[in-house]
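To start, the structure under review is shown below, and the notes come after it.
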Amino acid sequence: MKEITTILQAFAEIQHDAESSFLATVVNVKGSTYRRPGARMLMTQTGSMIGMISGGCLENDVFEHTRVSMPDGRPILITYDSTADEDIVWGFGLGCNGVVQILIERLDKGDLFNPLVFIQECFDQQQLGAIATVFGVEGVIDVNVGERLILKPDNHITTNISEYSLKSALIQDAQVALQNQNSAINKYQLSLGSVDVFIEVIQPPVHLIIFGAGQDALPTVQFAKALGWQVTIVDCRANEATKERFTIADEVLLSRREILHKQISVNEQTIAVVMTHNYLDDLEIIKMLLPSSAKYLGILGPKRRTEKLLQDLNTAGVEYTPEQLEKLHSPIGLDIGADTPEAIALSMISEIQAVLTNRSSGFLKNRILPIHQQNEIKEISIQPLQKLLTSD
């Protein structure tokens, strides 16, 4: 997440300087590859490169394509195949035994279909969105590589795809991808050819709310920001909850437990960590967060302490459903033998990352399945549709 945030910031600066720029996006992979679909690299005319689309073996060659392969400025698709033994000799790969397809396009901030502009919009609104990008065309079809359909957070659709049957299918598939929060790669079979499309779900940065501004919160903020998360610090102590102590936090909120519910906004993407080291504060915070729509709730401290918190709330007449308790993680963190503030922070952030990616954590050497989920290109046959003409 930090990488795309850095790319967005760099693009804003490039536009201010009126410098030409290009975007390389991994749109499809097969086999073992370093990056997955959606990885991006921003390139400037002067040779600057922000982001990575490989382990470092493809970036320079991709940049060279912006100079020699795009005289008319139209998007192009480059395929790198490292499945052959000769690939190691030529130096385009590291023997990963995979195929990477990369879309390269010239960027214009005024372009309605500029992916970076749309991603920034999703980030600003803290909302999900979807981009369907054409990266392969075969046959005689009125569709071009680089054309897009954009599904905005408010469900508004923008597209420059004119082929009506393809557009109709993409609208439906983008909505399904957005609902399931799963990107997809589809091959659409039309009567006169086929179209390859990468449907990418845009996720806003993770919003981490840390309740507690003690010394142990400092490394937690640092790890979270290193991942590109948005971080809010909340505490009732004026000498602790200061921007001077948490310079890299996005927000530092001085509050009291009695009014927290009026000041804190929580949604389905919210990650909450409770580490106030104050029993009464924790009691009120958990009372507020458990029934909320927060995705994850972690509590620092022994399991017995959390059990007592829940028991006291139950005695006070507060009841919770099994589904609400399912998002509660206490003690928070992975079992890595952490016994310092930095190691404990690493343990907590690692567990949150595992939850976000639906992984159980553990040693990769013991994993039987591939590290990353393999792409399965879904082939979809669509029938020609005639656009209905209506009159008022």
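So the sequence shown is numbered by the numbering used here: it starts at 4 and just counts up by one.
Glycine included, C-beta positions come from ideal geometry on N, C-alpha and C.
Chain-order list of residues whose beta-carbon lies under 7 Å from that of residue i (same chain, five-residue window excluded)
i, result
"SER186", "PRO40, GLY41, ALA180, ILE202, GLU203, VAL204"
"GLN18", "LYS112"
"ASN270", "SER296"
"GLU166", "ILE144, ASP145, VAL146"
"VAL234", "LEU211, ILE213, VAL224, ALA227, LYS228, ALA252, ASP253"
"GLN327", "LEU293, PRO294"
"MET46", "SER24, PHE25, ALA27, MET52, PHE66, THR69"
"LYS290", "LEU316, VAL321"
"ALA133", "LEU154, ALA177, ALA180, LEU181, ILE202, GLU203, VAL204, ILE205"
"THR273", "HIS210, ILE212, ALA297, LYS298"
"ALA13", "LEU45, ILE53"
"ILE374", "LEU367"
"LEU115", "THR161"
Residue(s) in a DSSP beta bridge with residue i
i, result
"VAL102", "LYS33, ASP84"
"LYS190", "ASP199, GLU382"
"ARG109", "PHE25"
"HIS332", "GLY301"
"GLU141", "SER197"
"ILE7", "Paired residues: none, contrary to the question."
"PHE214", "VAL237, VAL277"
"THR136", "ARG151, PHE201"
Contact check, residue i vs residue j, beta carbons under 7 Å
i, j, result
"ASN361", "ILE188", "no"
"TYR83", "LEU106", "no"
"VAL321", "GLY301", "no"
"LEU303", "ILE335", "yes"
"LYS228", "ILE380", "no"
"GLY50", "GLY101", "no"
"PHE138", "LEU80", "yes"
"LYS231", "MET4", "The sequence given here places Gly at residue 231; Lys does not occur at that position. Their beta carbons are under 7 Å apart, which means GLY231 touches MET4 by this criterion."
"PRO387", "SER168", "yes"
"THR36", "VAL103", "yes"
"LEU193", "GLN123", "no"
"THR162", "LYS170", "yes"
"ILE164", "GLU150", "yes"
"SER364", "LEU337", "yes"
"VAL30", "PRO78", "no"
"ALA357", "SER350", "no"
Proximal residues to residue i (C-beta, below 6 Å), its chain only, five neighbours per side dropped
i, result
"ALA135", "LEU152, LEU173, ALA177, VAL200, ILE202"
"GLN130", "PRO156"
"ARG109", "PHE25, GLY76"
"GLN266", "SER258"
"ILE7", "none"
"GLN128", "PRO156"
"ALA348", "PRO222, THR223, PHE226"
"LYS396", "Outside the modelled stretch of the chain, which goes from 4 to 395, sits residue 396, for which no answer is possible."
"ILE383", "ASN189, TYR191"
"GLU287", "ARG260"
"GLN264", "It should be pointed out that residue 264 corresponds to His in this sequence rather than to Gln. The residues are MET291."
"TYR323", "LEU293"
"GLU345", "PRO222"
"ASP64", "none"
"PRO428", "Lying before the first or after the last residue shown, residue 428 is absent from the chain, which here runs from 4 to 395."
Contacting residues, own chain, Cβ-Cβ under 8 Å from residue i (five flanking each side not counted)
i, result
"TRP93", "Per-residue confidence for TRP93 stands at a pLDDT of 44, beneath the threshold of 50, marking its modelled position as unreliable; no derived number is given."
"GLN184", "LEU131, VAL204, GLN206"
"GLU22", "THR47, GLN48, THR49"
"GLU16", "none"
Residue i beta carbon near the ligand ATP (any heavy atom closer than 6 Å)
i, result
"SER168", "What this structure holds is no ligand at all, so the ligand ATP is not there to describe."
Flag this pair as touching only if the region 251-258 and the region 279-290 have three or more C-beta atom pairs under 8 Å; answer yes or no.
no
Within the chosen definition, does the region 71-78 reach the region 205-217 through at least 3 CB pairs nearer than 8 Å?
no
Run through the region 218-296 for me and flag every whole alpha helix (DSSP H) of 4 or more residues, listed as ranges in chain order.
220-229, 263-266, 282-292
The region 238-252 touching the region 301-312, judged by at least three CB pairs closer than 8 Å
no
Continuous alpha helix (DSSP H) assignments of at least 4 residues falling wholly in the region 312-366
325-329, 344-359
Which residue spans inside the region 35-81 form an unbroken alpha helix (DSSP H) run of at least 4?
62-71
Can you give, in chain order, each stretch of the beta strand (DSSP E) that sits fully within the region 155-191 and has at least 3 residues?
160-162
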